[in-house]
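Since the structure comes first, as structure tokens, the remarks are kept for the end.
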Ligand code: SF4
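Right under this line is the structure:
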């Protein structure tokens, strides 16, 4: 299928405008994501309607804590990624083999919507691999979902182009965006990306009115420098607002960093303290058990407003049960 957002060049190459890499792709070559190819001077998606994973997940697993809590979200993923994170937890689908062979199931947007409805899903997430690289399916499915009153969320690295954001603007209700660190050097050497486009896109998503939650995977000795985390928390506070939830999550060895040690709880607690000191109202600890780090405390009265134990959620009506203050998020 012909891809969206590209321009042809005089020499037969094409320029992909889908993400901040802006790959120039010669004939019969693929872009950095491995799933967009220049065929006879036209950019073609290799993964349109190719799904590698389809599941009903607890929405907390995304993680989204202020978006329809306690419900299940119809979650779909394809293959490919515009990043090459050395610590990727889903490298089996994100990193397309050189052969280009992608095994998955063909499902079109109408079928996805009807599967979501059959499963009584109230929302739909594009997740597991980077949704930007299969924009064509995301766009068509999100349009249909909106028509059916179903909310759509993205779980993304936030490295798409501004044009891509404009295409999706009114069809997306929420996003969990990875802000993987706060140094460009880290983004370049560990992720194969750059920091600034992610920051710019977070600001644009905020302006578009998407409900945003931010996740940072804390890797011991790699991206947990206190000054960088302070700068990261200050960015969320100043540019996205103090009500934006920040998830600091534990790393467990994976992909090219399989031998690295897992993040100890005290490092996550330290990161959480940094977020709270920066003035963020909601800082959560994920991927490990932390009763305090998984509870929503009311910014007004300080009491527990939403408790999460494993997949069980208590509260989550958008209001503090103690003082009645409204909580920010999408609750119904
Ligand atoms: S989506 Fe990004 S990485 Fe993939 S071809 Fe387009 S510009 Fe390159």
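Numbering (the numbering used here), first residue to last: 95 to 426.
Where is the CB? At the ideal position from N, CA and C, for every residue including glycine.
Count the CB pairs spanning the region 171-179 and the region 258-268 that are closer than 8 Å, and state whether there are at least three.
no
What residue from 130, 373, 311, 134 has the CA that sits closest to residue 331's CA?
373
Tell me which residue opens and which closes the beta strand (DSSP E) that residue 310 is part of.
305-312
Touch check for the region 318-329 and the region 270-284: three-plus C-beta pairs under 8 Å?
yes
With C-beta atoms as the reference, is residue 177 less than 7 Å away from residue 210?
no
Between 212, 370, 390, which lies nearest to residue 327 when the distance is taken from Cα to Cα?
Considering only alpha carbons, the answer is 370.
What does residue 70 pair with, by DSSP beta-bridge criteria?
Past the boundaries of the shown model lies residue 70; the chain is included only from 95 to 426, so the question cannot be answered.
According to DSSP, is residue 265 helix, strand or coil?
helix
Do residue 161 and residue 148 have their CB atoms nearer than 7 Å?
No, the pair does not count as a contact, with Cβ atoms beyond the cut-off.
Can you tell me which of 394, 96, 361, 412 puts its alpha carbon nearest to the alpha carbon of residue 129?
96
Quick check: residue 338 and residue 306, are their CB atoms within less than 7 Å of each other?
yes
Could you tell me which uninterrupted beta strand (DSSP E) segments, each at least 3 residues in length, are contained entirely in the region 209-293, listed from first to last along the chain?
Qualifying beta strand (DSSP E) stretches, in chain order: 217-220, 245-250, 268-272.
Would DSSP call residue 327 helix, strand or coil?
Residue 327: helix per DSSP, three-state reduction.
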